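**Student:** First the structure, then my questions, so here it is.
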Amino acid sequence: MPPSIPLPLRWTGKLPAGELAPLNCLFGGGEGMSALQGAQIPKRALWPSVRMGRGGNAESGPTGAPWINANGWLIRLAQYLDASKPVVLDTKPAAGGSALLALVEAMAYGASWVVTHSPETWQGVLAALRFFEAHAEWRTWEPVAELAVIGSFTGEDALIGEEALNLLARRQVGYRIGEPGDLRAAVWASKRPAPREKYSAWIRGGGKWIEPAVGWGDVYAAVSAVHLALTRKRDVMRLWNAGSINCHYLAEKGGRRGVAQLINYAGNRSSDDTSIWLARPWKSAVLSTFEKQTALKTRASNGGIEIALPPLGVYAAIELEG
Amino acid sequence: MITRRELLAGTAMAAMAAPIAPVAIQRCRTYGAGLEPTMRRLFDAIGGLGRIVNNKTVAIKVNLTGRPSQRLGHSPAELAHWTHPRVIGMTLHLMNEAGAKRIRILESPWSTTDPLEEYMMEANWDPSMLLNAAKLVEFENTNYLGNGKQYSRFKVPNGGHMFPAYDLNHSYADCDVFVSIAKMKEHATAGVTLSMKNCFGITPCTIYGDGAGEKEPSLAPSGGRGSVIHSGSRKPSLSAPQELHPDSPRHGGYRVPRVVADLCAARPIDLAIIEGVESMAGGEGPWIRGTRRCSPGVIIAGTNAVCTDAVATAVLGFDPMAKRGMAPFENCDNTLELAEQLGVGSRDLSKIEVAGAQIADIRYDIRKA
Chain A
137 MPPSIPLPLR WTGKLPAGEL APLNCLFGGG EGMSALQGAQ IPKRALWPSV RMGRGGNAES
197 GPTGAPWINA NGWLIRLAQY LDASKPVVLD TKPAAGGSAL LALVEAMAYG ASWVVTHSPE
257 TWQGVLAALR FFEAHAEWRT WEPVAELAVI GSFTGEDALI GEEALNLLAR RQVGYRIGEP
317 GDLRAAVWAS KRPAPREKYS AWIRGGGKWI EPAVGWGDVY AAVSAVHLAL TRKRDVMRLW
377 NAGSINCHYL AEKGGRRGVA QLINYAGNRS SDDTSIWLAR PWKSAVLSTF EKQTALKTRA
437 SNGGIEIALP PLGVYAAIEL EG
Chain B
716 MITRRELLAG TAMAAMAAPI APVAIQRCRT YGAGLEPTMR RLFDAIGGLG RIVNNKTVAI
776 KVNLTGRPSQ RLGHSPAELA HWTHPRVIGM TLHLMNEAGA KRIRILESPW STTDPLEEYM
836 MEANWDPSML LNAAKLVEFE NTNYLGNGKQ YSRFKVPNGG HMFPAYDLNH SYADCDVFVS
896 IAKMKEHATA GVTLSMKNCF GITPCTIYGD GAGEKEPSLA PSGGRGSVIH SGSRKPSLSA
956 PQELHPDSPR HGGYRVPRVV ADLCAARPID LAIIEGVESM AGGEGPWIRG TRRCSPGVII
1016 AGTNAVCTDA VATAVLGFDP MAKRGMAPFE NCDNTLELAE QLGVGSRDLS KIEVAGAQIA
1076 DIRYDIRKA
């Protein structure tokens, strides 16, 4: 993934006063559009949020965890399907929605969001943009994973593959899309016959090939079965009291640095008493927000480390070393 | 809330001599190295584990209520509302030493057919620690049919308060000895969670849960037991025995203690272990408002669940003879009284021999925690 990506501002005919960097192009007004001509702009992107029911309460799935409208899977899939083109999300602010959440969600996954100027959110948006640009190298890091998700993600496989990616992320299962390589397990996310023979050498080498026994008719059940087949022994992270949080956990390939990015889909409502466990026994952890950095106390636990987190806003990154 | 019919029945049942057995109390401040000698003394004080488990298949219902992803603040579940794995592991180790042939760990995890080991891992437990604590250890999720071919029916002696019988996972029948290892804590609906209340969770949600099948048990559990047991707003699956008194109050404080008493009469607890080294006050789980961590620093055991729970109730600063309206039964009936009426055991402290530490010395007023 290129470390440099377009960071567009929605063109409304009048630019906000002051320094606009790191915004580097305009969207929608004709001028500066060339920077975006090579970008992928997924039409299916949603305004990120906790999904609310008619009664105004958060909707939840069978486990009781809130449903969230998340785009992380969509960005990752677009990046997988065409790694040469940057991904830009062009979602329009929803009433009561958080522009900062839309921005941080896109940027945490290495994409960008078409910024709409609003005096109320402007300073926060600029701070977030600068933060992610200061950590542009994260875009080159890999998801920490044990599972490869394989499929065509097109045609009749599209719905299965996409929902599988969404739900695996929601279960905090670390995965990569595509060839299993050095990963321990792979799932075939398709109703079509699995091409096991293509992966026979990898399977002989100890790779675990997963086809959920329940089939893919009910993707929620299938993903639960995949997690069970993988077993929680292979969890790369676990979260507690993290109802509306997704974690995008990356590490430098072959390196000694990582980052667990926590995206709180409840927007500006803080998430209290969240804890995280990481299977890798990192030596140090620092919590970075747009305003400050705080050293975190880690506790050895179950072969990895556990961290009690302070109240979390819309975004925080746990920077890891060792 | 008690009808004349129930009052007369209860009085008649209470007139039966309720069994009595000694209860042991041990001070225990941590789950560290002192746990083993403490638990040895605890079991020795009630006559030793050998006479209970030697050459037997032992089923242990542990207390893992709620979802593993939910914690009280930052506290791991075992330091607040779940039985600590070291207490379970030490029990397994000592039972193994005492000659237990096979030990099965049972629980009905929230809304899932996942194996118990997976559920424990979600809470960041390492189940291999338990598997390796004795020579033959098994786990079973009892919230559905599980490994059985059919549900086992348990009839409530003396008629029962709420249901005449209960259909449960086979594991509660396929054992010689049944053990309840509970966390010592309060309970928002039933006043206290002790060895008997722990057995509320032996009811499979495929029959007694919100998503239970109407006629037959569902294949997988969904949700909790709110509608069938707490509020009585729906029936259990029709394949199971139905309520004795459908016109009785639809209130959790009436229904839950009766179901718990019924269950403990139908599937008696042979060994009750109540773990209160670290716990929580104000309710049974982090989903109850106003709950907080506390450290009673005690473990209690006995072979009669009512006697053991009576002693634990007193240790927590309550009167086990308390009537409805008195702490901790402000909004519910007293489960101990209801179980006593069914002939399960006595809650009369004046008749119960307490070994080891004494209640007065170890008393921990949980309402002040």
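Chains as they are written, first to last, in the working numbering: chain A, 137 to 458; chain B, 716 to 1084. A virtual CB, placed ideally from N, CA and C, is assigned to each residue, including glycine. All values derive from a computational prediction rather than experimental measurement.
Between B/LEU986, B/HIS885, B/GLY938, B/GLY1000, which has its C-alpha nearest B/ARG766's C-alpha?
**Tutor:** B/LEU986
**Student:** In the DSSP assignment, find the unbroken beta strand (DSSP E) run with B/ILE896 in it and report its ends.
**Tutor:** 892-898
**Student:** Alpha carbon to alpha carbon, how far is B/SER867 from A/ALA281?
**Tutor:** Near 42 Å, if we compare the C-alpha coordinates of A/ALA281 and B/SER867.
**Student:** Given a cut-off of 8 Å, decide if A/ASN160 and A/PRO184 are closer than it, judged by their beta-carbon atoms.
**Tutor:** Their beta carbons are not under 8 Å apart, which means A/PRO184 does not touch A/ASN160 by this criterion.
**Student:** Is it the case that the Cβ atoms of B/ILE820 and B/VAL777 are separated by a distance below 8 Å?
**Tutor:** yes
**Student:** Given B/LEU723, which residues of its chain have a CB within under 7 Å of its CB, disregarding the five upstream and five downstream residues?
**Tutor:** Because B/LEU723 sits at a pLDDT of 48, beneath the cut-off of 50, its placement in the model cannot be relied upon, and the point is left open.
**Student:** Any residues in the region 238-262 of chain A with a beta carbon nearer than 8 Å to a beta carbon of chain B? Which ones, in chain order?
**Tutor:** none
**Student:** Have a look at B/PRO770 and B/VAL892 and give me their C-alpha separation to the nearest angstrom.
**Tutor:** Contrary to the premise, residue 770 of chain B reads as Asn rather than Pro in this sequence. One C-alpha to the other measures close to 10 Å.
**Student:** Could you name the residues of chain A that B/SER789 contacts, counting a contact when the two beta carbons are closer than 7 Å?
**Tutor:** This sequence places His at residue 789 of chain B; Ser is not what is there. The answer, in chain order, is ASP409, SER411, ALA444.
**Student:** Assign B/LEU750 to buried or exposed, taking buried as 16 or more other Cβ atoms, counted over all protein chains shown, within 10 Å of its Cβ.
**Tutor:** buried
**Student:** Identify the contact partners of A/LYS369 in chain B, using a Cβ-Cβ distance below 7 Å as the criterion.
**Tutor:** MET836
**Student:** In whole angstroms, give me the CA-to-CA distance for A/THR410 and B/ALA1042.
**Tutor:** 33 Å
**Student:** Are any of the Cβ atoms in chain A nearer than 8 Å to that of B/GLN1056?
**Tutor:** Taking Cβ atoms only, chain A never reaches closer than 8 Å to B/GLN1056, which makes this a no.
**Student:** Consult DSSP for B/MET995 and reduce its assignment to one of helix, strand or coil.
**Tutor:** Judged by DSSP in its simplified three-state form, B/MET995 adopts strand.
**Student:** Quick one: residues in its chain with C-beta nearer than 7 Å to the C-beta of A/ALA450, no 5 flanking neighbours on either side, listed in chain order?
**Tutor:** For the record, residue 450 of chain A in the displayed sequence is Val; it is not Ala. SER234, LEU236, LEU237, VAL240, ASN400, GLY403, ASN404, listed in sequence order.
**Student:** Is there contact here, the region 1012-1025 of chain B with the region 975-995 of chain B, by at least three beta-carbon pairs under 8 Å?
**Tutor:** yes
**Student:** Indicate whether the contact test is met: 3 or more Cβ pairs, each with one atom in the region 932-949 of chain B and one in the region 826-833 of chain B, closer than 8 Å.
**Tutor:** yes
**Student:** Can you find the residues in the same chain that come closer than 8 Å, C-beta to C-beta, to B/ALA730, ignoring five residues on each side of it along the sequence?
**Tutor:** Low per-residue confidence applies at B/ALA730: pLDDT is 45, beneath 50, and the placement is therefore not dependable, though the value from the model is reported in the following sentence. For B/ALA730, where only same-chain residues beyond five positions count, there are no Cβ hits under 8 Å.
**Student:** Can you round the beta-carbon distance between B/ILE896 and B/ILE775 to whole angstroms, since I take them to be within the 8 Å contact cut?
**Tutor:** 6 Å
**Student:** Check the C-beta distance from A/ARG320 over to A/ARG275 and give it rounded, since I have them as a contact under 8 Å.
**Tutor:** So it is not a contact: roughly 25 Å between Cβ atoms.
**Student:** Taking A/PHE426 as the reference, give the member of A/ARG187, A/GLY154, A/PHE268, A/PRO229 with the closest Cα.
**Tutor:** A/PHE268
**Student:** Please report whether the beta-carbon of B/GLU833 lies at a distance below 8 Å from any beta-carbon of chain A.
**Tutor:** yes
**Student:** May I have a chain-ordered list of the beta strand (DSSP E) segments no shorter than 3 residues that lie completely inside the region 786-835 of chain B?
**Tutor:** 817-822
**Student:** Could you have a look at A/CYS161 and say whether DSSP puts it in helix, strand or coil?
**Tutor:** strand
**Student:** Please give me, in chain order, every unbroken run of the beta strand (DSSP E) with length at least 3 that falls completely inside the region 350-432 of chain A.
**Tutor:** 373-376, 381-387, 393-400, 411-414, 420-424, 429-431
**Student:** Would you mind reading off the limits of the alpha helix (DSSP H) that contains B/TYR969?
**Tutor:** 967-981
**Student:** Once the 5 residues before and after B/CYS1009 are set aside, which same chain residues still bring their CB inside 7 Å of it?
**Tutor:** SER994, MET995, ALA996, ILE1081, ALA1084
**Student:** Strictly under 8 Å for the Cβ-Cβ distance: is B/ASN839 near chain A by that measure?
**Tutor:** yes
**Student:** For the beta strand (DSSP E) holding B/LEU883, just list the boundary residues, first then last.
**Tutor:** 880-883
**Student:** For A/ARG340, which of A/GLY439, A/ASP318, A/SER360, A/ARG368 has the nearest alpha-carbon?
**Tutor:** A/ASP318
**Student:** Under 8 Å, Cβ to Cβ, is there at least one residue of chain A near B/SER784?
**Tutor:** The C-beta of B/SER784 comes closer than 8 Å to at least one C-beta of chain A.
**Student:** Against chain A, with Cβ distances strictly below 8 Å, would B/ASP829 count as a contact?
**Tutor:** At a cut-off of 8 Å, the C-beta of B/ASP829 has a neighbouring C-beta in chain A.
**Student:** Which ranges does the alpha helix (DSSP H) cover as unbroken runs of at least 4 residues, wholly within the region 231-316 of chain A, from first to last along the chain?
**Tutor:** 235-244, 258-270, 294-306
**Student:** One question on the structure: do B/ALA981 and B/ALA880 come within less than 8 Å of each other, judged by their Cβ atoms?
**Tutor:** The beta carbons of B/ALA981 and B/ALA880 sit closer together than 8 Å.
**Student:** With a threshold of 16 other CB atoms inside 10 Å of the CB of A/THR220, please say whether the residue is buried or exposed.
**Tutor:** According to the sequence as given, residue 220 of chain A is Ser; it is not Thr. Exposed is the call here.
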